[in-house]
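Here's the structure, in structure tokens; my notes come after.
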Amino acid sequence: MGTLDGKTALIFGVSNDHSIGWGISQALHREGAKLGFSYQAINEKRARPLAERLGATFIEQCDVGSDDDIAAIMQRAGDHFGQIDILVHAVAFANREDLMGRFVDTSRAGFAMALDVSCYSLVALTQAALPYLREDSSVLTLTYYGSEKVAPNYNVMGVAKAALESTVRYLANDLGPQGIRVNAISAGPIRTLSASAIRGFRDYQKSFAGIAPLRRNVTIDDVGNTAAFLCGNGARGITGEVVYVDSGYNIMGMVTPEE
Ligand code: NAP
């Protein structure tokens, strides 16, 4: 018996089998959840076969920058599933030129784009899902430590993640009385399509594994397993939190070079 038997999950942000959203999908599926997927138009060819591998029949296009797309997909998800127990937001975007060089050079348009797609979309999706979210349901998003401390080239995405983490707390406060929980996982650096847009990402991973107490990078399975826990009844008392799946990296202060 799985810990998510009988639950339905709607997942945004699976592009390929390296996506963190894919690690989460596999873990939710393993624990018995029935899954529905959303993809951006350009990636249907890669996303659809993955979704079908986990038995999904609800696979729909949605650009989270479009209120019309969001309203349409939530309506269809409601018709398909009746109610939703788990909403996974594994989506982020910033222009490539804003993920290199100096943060001070970020344009107004680049800033607005990053904050809209990477942060406001969580509000928009949650808002539109509300009529279908069951009591005891769970909303989950993904963040990164670059929200708290400066990470080279992460730039505007760090600012978007700071806003996203704050958004998690405000949503948790609003929706707690309805029994809806809202949390974020702060994952260590994982090589994905989005991550490859950050200049110097290979170096991030290398220095991360040298500093983190567990001395290794995390995997999409590590994140997926924590996601399954957070979305299940075992985490009924947890909301508004940022949970670190980062080999302990975030606890470190001063680091001395290894012998
Ligand atoms: P990924 O596989 O590239 O996933 C990012 C997803 O965002 C893609 O599925 C992408 O769809 C989707 N997306 C972007 N703009 C969208 C839009 N306007 N509408 C709908 N979907 C859109 O990369 P990932 O690393 O797994 O990212 C998932 C989440 O984890 C992100 O929030 C990311 O910031 C976070 N995170 C990643 C790391 C890491 O090191 N990889 C660490 C901590 C947190 P398309 O491919 O179709 O554009």
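Numbered by my numbering, the letters in the sequence shown go through residues -4 to 254 in order.
We treat Cβ as the ideally placed atom computed from N, Cα and C, and that holds for glycine.
Fair warning: this is a prediction, and the values are worked out from it, not measured in the lab.
Exposure label - residue i; buried when at least 16 CB within 10 Å
i, result
"Arg176", "buried"
"Tyr165", "exposed"
"Lys29", "buried"
"Ile246", "exposed"
"Ile206", "exposed"
"Ala182", "buried"
"Met69", "buried"
"Gln273", "Given that the chain is displayed from residue -4 to residue 254, the structure contains no residue 273 and the question cannot be resolved."
"Leu209", "exposed"
"Glu26", "buried"
"Pro303", "In the structure as shown, the chain starts at -4 and stops at 254, and residue 303 therefore has no counterpart that could be examined."
"Lys2", "buried"
Distance between beta carbons of residue j and residue i, contact taken as under 8 Å
i, j, result
"Asp93", "Asn11", "Incorrect: roughly 23 Å between the Cβ atoms, too far for contact."
"Val154", "Ser116", "Actually they do not touch by this definition, with Cβ atoms about 15 Å apart."
One or two residues paired with residue i in a DSSP bridge
i, result
"Asn178", "Leu135"
"Ser33", "Phe7, Glu55"
"His84", "Phe7, Thr136"
"Leu240", "Position check: residue 240 holds Val in this sequence, whereas Leu was assumed. Beta-bridge pairing links Val240 to Ala182."
"Ile333", "There is simply no residue 333 to check, as the chain begins at -4 and stops at 254 in what is shown."
Residue i to residue j span [Cα, whole Å]
i, j, result
"Ser202", "Ala109", "26 Å"
"Gln200", "Asn212", "7 Å"
"Cys271", "Thr251", "Nothing in the structure corresponds to residue 271, since the chain is present only between -4 and 254."
"Asp74", "Tyr127", "9 Å"
"Leu225", "Gly18", "14 Å"
"Val134", "Thr52", "21 Å"
"Thr187", "Gln173", "35 Å"
"His84", "Met249", "33 Å"
"Lys156", "Asp0", "31 Å"
"Gly236", "Arg97", "According to the sequence shown, residue 236 is Glu rather than Gly. Glu236 and Arg97: Cα-Cα distance of roughly 30 Å."
"Ala104", "Gly(-3)", "45 Å"
Cβ of residue i within 9 Å of any chain D Cβ
i, result
"Ser132", "The chain labelled as chain D is not found in the depicted structure, where only one protein chain is given."
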